[in-house]
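Everything on this sheet refers to the single structure shown next.
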Amino acid sequence: MDTAELKRRSEYEWEIPRSGGMRVPGVIFAAHELVLAMDEKVREQLQNVASLPGIVEAAYAMPDAHWGYGFPIGGVAAFDADEGGVVSAGGVGFDISCGVRTLHTGLKIEQLQGSVRRQLADQLYARIPAGVGRTGALHLSAKAMDAMLRGGAAWAVGEGYGTAADLGRIESAGRIDGADPDAVSEQAKKRQRDEMGTLGSVSLIEKNRVRNCQSLR
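Here the numbering used here is used: the first residue of the sequence shown is 3, the next is one more, and so on.
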């Protein structure tokens, strides 16, 4: 992204001034190196978000922002219903409940210096299935799929894919009463069956972005 067209508010805060149909400014929180690495589409999409009805104060982008589906991934915005605010599908997320979690390895930063960090990133990328068309080792039968849809994270813990303590760290303990597997189409179930145990569409761009973030620490 060309920072010449941005107004620098502070070391880690950049403003996209209002223009065209923008109702509020855009604000990017990131180090200079990360802003330079961002696609120009991030600015374009943030400007689009800033033009939506009812938006409050500003359209924000976090340090990991990248090109999304109408709304930049890593983008944040609030909308006032009393002012005609909207619900943006791109802002809420097309992959709702994608299951991002933090796992504590017990490693110290001193153990991840130099080439070790790059090797670890390469191994994680190689070992964890991620991206469109990737499949995991877990394949559920139709009966098991319905049980998973009803039970949510509690089902996963019961199957040995987590611990009871995990549920206390997930909103609503990872399960909502009244979940009805019959309300999910067979096509959606088929896609889920093939993609169980995988991450989203992580590309080489994503992989390099992680490395860039690590290099700044």
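Glycine residues also receive a C-beta, built at the ideal position from the N, C-alpha and C atoms. Computed from a predicted structure; not experimentally measured.
Checklist entry - What are the start and end residues of each continuous beta strand (DSSP E) run of 3 or more residues lying completely inside the stretch 50 to 103, in chain order? => result For the stretch 50 to 103, whole beta strand (DSSP E) runs of length 3 or above, ordered along the chain, are 61 to 68 and 75 to 78.
Item to check | V58, buried or exposed, once every other Cβ within 10 Å from all chains shown has been counted against 16 | outcome: The residue labelled residue 58 in the question sits at position 56 within the sequence shown. Under this definition V58 is an exposed residue.
Checklist entry - From V29 to H68, what distance separates their C-alpha atoms? => result Locating residue 29 in the sequence shown gives position 27, where the first residue counts as 1. Locating residue 68 in the sequence shown gives position 66, where the first residue counts as 1. Their backbone Cα atoms lie some 14 angstroms apart in a straight line.
Checklist entry - Applying the criterion that 16 or more other CB atoms from any shown protein chain within 10 Å of the CB defines a buried residue, is Y62 buried or exposed? => result For the purposes of this step, residue 62 is taken as residue 60 along the sequence shown, with counting starting at 1. A residue is called buried when at least 16 other Cβ atoms come within 10 angstroms of its Cβ; Y62 meets this threshold and is buried.
Checklist entry - Among all the DSSP beta bridges, which residues are the ones paired with E15? => result Within the sequence shown, the letter at position 13 stands for residue 15. Under DSSP, E15 shares a beta bridge with S12 and F31.
Checklist entry - Quick one: any contact between the stretch 37 to 54 and the stretch 71 to 78, if contact means 3 or more CB pairs under 8 angstroms? => result Touching, per the Cβ criterion.
Checklist entry - Run through DSSP, which three-state label would L201 get? => result Taking the sequence shown and counting its residues from 1, one reaches residue 201 at position 199. L201: strand per DSSP, three-state reduction.
Checklist entry - Between V94, A156, E17 and D182, which lies nearest to S174 when the distance is taken from Cα to Cα? => result On the sequence shown, position 172 is the one that residue 174 refers to. Relative to S174, the option among V94, A156, E17 and D182 whose CA is nearest is A156.
Checklist entry - Which same chain residues, not among the five before or five after D84, have their C-beta less than 7 angstroms away from its C-beta? => result Taking the first residue of the sequence shown as position 1, residue 84 is located at position 82. Excluding five sequence positions before and after D84, none of the CB atoms of its chain fall closer than 7 angstroms to its own CB.
Next on the checklist: Checking the sheet assignment: what are the DSSP bridge partners for A132?
Outcome noted: As a working note, residue 132 is residue 130 in the sequence shown. Answer by DSSP bridge pairing, in chain order: L201.
Next on the checklist: Suppose the cutoff is 8 angstroms on Cβ atoms and the five residues either side in sequence are ignored; what does the same chain contact list for H141 look like?
Outcome noted: On the sequence shown, position 139 is the one that residue 141 refers to. R195, D196 and M198, listed in sequence order.
Checklist entry - Run through DSSP, which three-state label would S21 get? => result Position 19 of the sequence shown, counted from the start, is the residue given in the question as residue 21. S21: coil per DSSP, three-state reduction.
Next on the checklist: So, with DSSP's three-state summary, where would you put Y163?
Outcome noted: Translated into the one-based positions of the sequence shown, residue 163 becomes position 161. In this structure, DSSP gives Y163 a state outside helix and strand, which the three-state scheme calls coil.
Next on the checklist: Whole angstroms are fine: how far does the CA of G116 sit from the CA of A123?
Outcome noted: Indexing the sequence shown from 1 puts residue 123 at position 121. Indexing the sequence shown from 1 puts residue 116 at position 114. For A123 and G116, the distance between alpha carbons rounds to 12 angstroms.
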